Amino acid sequence: MKKLLNKIGVAFLLAIVLLTLPSVTNAPASEPKEKHSVIKLGFIPLTDCSPIVMAKEYGLFKKYGVEVEVSKEASWANVRDKILTGELDGAHCLFGMPFSVYTGIGGKAGSEMKIAMILNVNGQAITLSKEFCGKVGFKQISKVSPAISEKTKSKEVIVAATFPGGTHDIWMRNWLAMAGVNQNSVKQITIPPPQMVANMKVGNMDAFCVGEPWNGVAVKQGVGFTQIATQDMWKDHPEKALVVNKKFSEERREDLKKVMMAIIEACKLLDKAGNRKQSASIIGKVSYVNAPSDVIDNRLAGIYDLGCDQGQEVYKDYMFFHKNGSVNYPRKAHAIWFMAQYVRFGLLDAAPDYKAIADKLILQDLYKEVAAEMKIPIPADDMKPFSLTFDKTVFDPSNPEAYLKVCKK
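Quick note: the sequence shown uses my numbering, first residue 1105, plus one each step.
What follows is the structure in C-alpha cells.
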C-alpha cells in the first residue's frame, strides 16, 4: 500500500511539472526581435527645421519604418547637451556646432557629435536695429563701419549670434570683416533664435544674425531691417545639418539610414513651390516655430520685405532643401572652412587637425549609402577650392594656411 501511495505521489508531481512547462507546439520558432525605442529628434524654432517637422507631418518616418518623436528645444546649447548625453538621438543643428564643440569653443573639447546630412542652404540674414535706418541700406557694406563707429562714441555696440562657432556666429564675424569693423570694437553676445526680436525691441542689441523667420518678424514688427542675407555673402552655403548622437549612429545605423531617407524625401517635397505655403502654415504653429505663416511663406518663396521703407528684394537663391542632392551631401571642405574661421577670428590659438576632425565627425560614407539606395547623385565638388560671393578670396581646403594669410580679420 505504501509503495502504491509513493507511486501515486510521484505521478502527481510529474503531472504538475508537465502542466507548468510551455507547450512545445505553441513555442515560437525563434526568439522575437528586439524592439527599438522611439527615436527622438530635436529642433529649434526656425524655418529650416522644416525637413524634420514635415517628415513627421507627412508621415514619412512611418513610411520608412521608424517611430520618431520631434522635440522643440530652447537653445542650441540645450540641443548640444541632449545630443551628447543621448537624451536626443539627433537634431536639426547648426552645421558648425560639431566642430565648435569638438575643438573646445562651444563645449568640452573632444566631444563627438556626428553630421549625417545637410538639411538646407541659404536663408539666414543680418538684421540691424531701426536706429540705423537711413544710415545703412540693404547690402551697403561700405556704410556699416562709419555707422557703427558713430554709435560707439556714445554707447557700446552689441551684436548677437546664436552659438559660439556656429553658423550665425561665423556669418556675423564675416560680415564685420567685410565691412572693415574691428571684431574687438563691438560686444558679441549669444542669444537663442526665438529671443532675438524681443531682445532687439528692448535695446539689448544693435544687430543680430539668425535664421528665418526671425529676420522677417523683426521687419514685420518694425523692430529692425534686413541689411544683408547670408546667400548674398555665400551663395548656397551650408546651414543646418542632421546631427546625431555617436552611440546612436553606431548601434542603430540602419534606423538612422531610414530617418535620413524620410528627411530627404521631405526635403524634395519642400523644394516644390506648391508645398511651401502648406508647410509655412504648419511650421508656423505654436507647437513648432510660433511665428506668422505669411512671414515664413514669403521668405521661403524668396520675397523679402526689407524694412525701413527699402521695399522688397526677390531672391532666386533662397532657402533650398534638396536641389537634386547638392544640398544634402555633407562636404568635408566646408568643415575645414569653418575650422579655418575659428583660427582666423582668434577662437582657436592654433590650427586644429582639419582633415582628421572632418573625417571623424562627418558620416559621409553613411550618406553615400543612403544616396545610392535612393538613386540621388553625389556632387563631385568636395575638397575643391571655392570662394564666397562677397569675399573673393579663394579657399583651398587642402591648404587653409594660404587662405588665412590673405583673408580679412
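For every residue, glycine included, the Cβ atom is placed at its ideal position computed from N, Cα and C. Treat the numbers as computed from the prediction; the structure is a model and nothing was measured.
- According to the DSSP assignment, residue 1313 belongs to the beta strand (DSSP E) that extends over 1311–1315.
- For residue 1282, the closest of 1190, 1493, 1501 by C-alpha to C-alpha distance is 1493.
- Annotation: the continuous beta strand (DSSP E) that includes residue 1329 extends over 1328–1333.
- Within the model, the alpha-carbon separation for residue 1225 versus residue 1278 is close to 17 Å.
- Following the DSSP letters along the chain, one finds residue 1198 inside the beta strand (DSSP E) bounded by residues 1194–1198.
- Here the alpha carbon of residue 1185 sits roughly 29 Å from the alpha carbon of residue 1306.
- At least 8 Å separates the beta-carbon of residue 1504 from that of residue 1446.
- For residue 1173, no alpha helix (DSSP H) segment is defined; the enclosing uninterrupted segment is the beta strand (DSSP E) at 1172–1176.
- As a beta-bridge residue in DSSP terms, residue 1349 pairs with 1217.
- Rounded to the nearest angstrom, the gap between the Cα atoms of residue 1481 and residue 1473 is 11 Å.
- Rounded to whole angstroms, the Cβ separation of residue 1231 and residue 1319 is 5 Å, and the two are in contact under 8 Å.
- Looking at the backbone, the Cα of residue 1376 and that of residue 1258 are separated by about 49 Å.
- Using a 10 angstroms sphere on the CB of residue 1357, the tally of other CB atoms stays under 16, which defines it as exposed.
- Counting the other CB atoms within 10 Å of its CB gives residue 1218 a total of 16 or more, which places it among the buried residues.
- DSSP links residue 1408 through a beta bridge to 1417.
- The C-beta separation of residue 1311 from residue 1199 comes to about 22 Å, leaving the pair out of contact by the 8 Å criterion.
- When DSSP states are grouped into helix, strand and coil, residue 1424 belongs to the strand group.
- Under the criterion of beta carbons closer than 8 Å, residue 1164 and residue 1369 qualify as touching, at roughly 5 Å.
- According to DSSP, residue pairing for residue 1144 in a beta bridge involves 1173.
- Burial is judged here by how many other beta carbons sit within 10 angstroms of a residue's own beta carbon; residue 1428 has fewer than 16 and is exposed.
- Remark: three or more beta-carbon pairs, one from each stretch, lie closer than 8 Å, so the stretch 1465–1472 and the stretch 1426–1443 are flagged as touching.
- The C-beta of residue 1477 has fewer than 16 other C-beta atoms within 10 Å across all chains shown, which makes the residue exposed.
- Measuring C-alpha to C-alpha distances from residue 1229 to each of 1171, 1153, 1334 identifies 1334 as the nearest.
- Note that the C-beta distance between residue 1240 and residue 1321 is not below 8 Å.
- Listed in chain order, the alpha helix (DSSP H) elements of length 4 or more contained wholly in the stretch 1446–1481 are 1458–1465, 1468–1478.
- At the C-beta level, residue 1227 and residue 1471 stay beyond 8 Å of one another.
- Residue nearest to residue 1161 within the set 1408, 1389, 1332, 1300 is 1389 (criterion: CA-CA distance).
- In the structure shown, residue 1236 falls within a helical segment according to DSSP collapsed to helix, strand and coil.
- Cα atoms of residue 1182 and residue 1188: separation of roughly 10 Å, rounded to the nearest angstrom.
- If you look at residue 1292, you'll find it in the beta strand (DSSP E) that goes 1291–1294.
- Within the DSSP bridge table, the entry for residue 1264 names 1293, 1312 as partners.
- Sorting 1486, 1290, 1208 by C-alpha distance to the C-alpha of residue 1455 places 1208 at the top.
- Ranked by Cα distance from residue 1507, the first of 1442, 1484, 1462 is 1442.
- Among the bridge pairs identified by DSSP, residue 1342 is matched with 1225.
- Counting C-beta atoms within 10 angstroms of its own C-beta, residue 1166 has fewer than 16 neighbours from the protein chains shown and is therefore classed as exposed.
- Annotation: the continuous alpha helix (DSSP H) that includes residue 1165 extends over 1164–1167.
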